[in-house]
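To start, the structure under review is shown below, and the notes come after it.
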Amino acid sequence: MEKGRPVFSISPFTLLDFPDRMACILWFAGCNMRCTYCYNPEIVLGKGKLSWDDVREFLLTRIGMLDGVVFSGGECTIHPQIIPFAREVKRMGFEVKIDTNGSRPDVLETLIQENLVDFAALDFKGMPGNYWKITRSHLFKPFEKSLKILLGSSVRFEVRTTVHPDLLNYQELDEMEKWLREKGFSGTFYLQLFRGDKETLGDLTQTRKPDFVLEQSVWRT
Ligand code: SF4
654 MEKGRPVFSI
664 SPFTLLDFPD
674 RMACILWFAG
684 CNMRCTYCYN
694 PEIVLGKGKL
704 SWDDVREFLL
714 TRIGMLDGVV
724 FSGGECTIHP
734 QIIPFAREVK
744 RMGFEVKIDT
754 NGSRPDVLET
764 LIQENLVDFA
774 ALDFKGMPGN
784 YWKITRSHLF
794 KPFEKSLKIL
804 LGSSVRFEVR
814 TTVHPDLLNY
824 QELDEMEKWL
834 REKGFSGTFY
844 LQLFRGDKET
854 LGDLTQTRKP
864 DFVLEQSVWR
874 T
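Laid out in structure tokens, this is it:
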């Protein structure tokens, strides 16, 4: 993560990443996890290329054209300036969506308390027993706290899990779904099957086929 240039790149338009909104995506550089299946190694390991002045310049040209801005990455909440960034984006009239791995509940809480988040997508990597294996981090507890904060707020959010057959089996997914329900989550739990068609952070070239079939990509708990 390069100080002063927090954003790796901008996707100027998306209809897919912010539900019911026309949006752009800010890809924040750097992450505090190292998920083996991560599709964005250049963003996680690379340096930012755009300063906030660059981003502002772009966003000013999109006022009245886009509804929202997605803060993605990498992990956007590890950037020290994320809160002032979000304030400025909201002042421009955009809605804000946060894509997060849930590792910075303090930042998430501040964003929510200041009404700076309109939608959130929270990554649920796995249960504590395999969290390290999947993310190379010990950040399950912060993730759990982030879930609790979102559940206690009025912010719309979804939970999503990437399914790689070497990292999560059917029983573990079942356990995750039950755990979410016990926590009180009643929204949409998205499962995205690892496709293996892009470069990843870890070496997944020997990836085997799943020994189970994901009959649906969405579990409604
Ligand atoms: S998949 Fe993992 S390593 Fe990649 S950006 Fe998300 S949390 Fe970071």
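All residue numbers for the sequence shown refer to the numbering used here, where the first residue is 654 and numbers rise by one.
Virtual Cβ for every residue (Gly too), placed ideally from N, Cα, C.
All of these numbers come straight from a predicted model, not from anything done at the bench.
The ligand SF4 heavy atom lying under 7 Å from the CB of residue i
i      : result
Gly726 : yes
Asp776 : yes
Arg674 : no
Cys684 : yes
Leu854 : yes
Cys729 : no
Residue i beta carbon near the ligand ZN (any heavy atom closer than 7 Å)
i      : result
Arg848 : Annotation note on the ligand ZN: not contained in the displayed structure, which lists the ligand SF4 as its ligands.
Local Cβ density within 10 Å of residue i, reported as buried at 16 or more and exposed below that
i      : result
Met654 : With a pLDDT of only 48 at Met654, under the threshold of 50, the placement of this residue in the model should not be trusted, and no figure is reported.
Phe777 : buried
His817 : buried
Thr714 : exposed
Ser664 : exposed
Pro758 : buried
Lys750 : buried
Glu830 : buried
Gly717 : exposed
DSSP-derived helix/strand/coil call for residue i
i      : result
Lys851 : coil
Phe796 : helix
Asp771 : coil
Tyr823 : helix
Val760 : helix
Gly755 : coil
Arg789 : coil
Pro781 : helix
Residues bridged to residue i (per DSSP)
i      : result
Val660 : Phe681, Leu703
Asp776 : Arg813
Continuous alpha helix (DSSP H) assignments of at least 4 residues falling wholly in the stretch 666-707: The stretch 666-707 contains these whole alpha helix (DSSP H) runs: 694-698.
Complete alpha helix (DSSP H) runs within the stretch 698-752 (minimum length 4 residues, chain order): 705-713, 735-744
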